[in-house]
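**Student:**
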Amino acid sequence: MKKFFLMLVRGYQKFISPLFPPSCRYYPTCSNYMLGALKKHGALKGTLMGTARILRCNPFVKGGYDPVPDYFTLKRNPHPDEKILN
Numbered sequence: 369m370k371k372f373f374l375m376l377v378r379g380y381q382k383f384i385s386p387l388f389p390p391s392c393r394y395y396p397t398c399s400n401y402m403l404g405a406l407k408k409h410g411a412l413k414g415t416l417m418g419t420a421r422i423l424r425c426n427p428f429v430k431g432g433y434d435p436v437p438d439y440f441t442l443k444r445n446p447h448p449d450e451k452i453l454n
């Protein structure tokens, strides 16, 4: 199942993504985040994390660096500045 989702994302990156200008507000891009989440957390959790990330990627968010965390979460990783304040 995991391989199937990895192939879907890679197909999107190779054939669909080049047709549109870059618009992801995060680094790594949402598709690369999905690949990382699938590899690190498996098909179910990785798909949930990637979908949550895609839903967060919109004009109303700041964006920035948001790597795949080592633990399962649907929330964004806190910024380094936010970790110091909390």
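All residue numbers for the sequence shown refer to the numbering used here, where the first residue is 369 and numbers rise by one. C-beta atoms are modelled at their ideal positions from N, C-alpha and C, and glycine is treated no differently.
Leaving out five residues on either side along the sequence, give the residues of the same chain with a beta carbon under 6 Å from the beta carbon of Ile-452.
**Tutor:** With a pLDDT of only 43 at Ile-452, under the threshold of 50, the placement of this residue in the model should not be trusted; the figure read from the coordinates follows. Excluding sequence positions up to five before and after Ile-452, its CB lies less than 6 Å from no other CB in the same chain.
**Student:** What do you get for Met-375, buried or exposed, if any count of 16 or more other CB atoms within 10 angstroms of its CB means buried?
**Tutor:** Met-375 comes out exposed.
**Student:** Hey, Ala-411 and Lys-370: beta-carbon distance below 8 Å or not?
**Tutor:** yes
**Student:** For the segment 390-397 and the segment 423-437, state whether three or more C-beta atom pairs, one from each stretch, are separated by less than 8 Å.
**Tutor:** yes
**Student:** Just mark Phe-373 as buried or exposed, buried being the case when its beta carbon has 16 or more other beta carbons within 10 Å.
**Tutor:** buried
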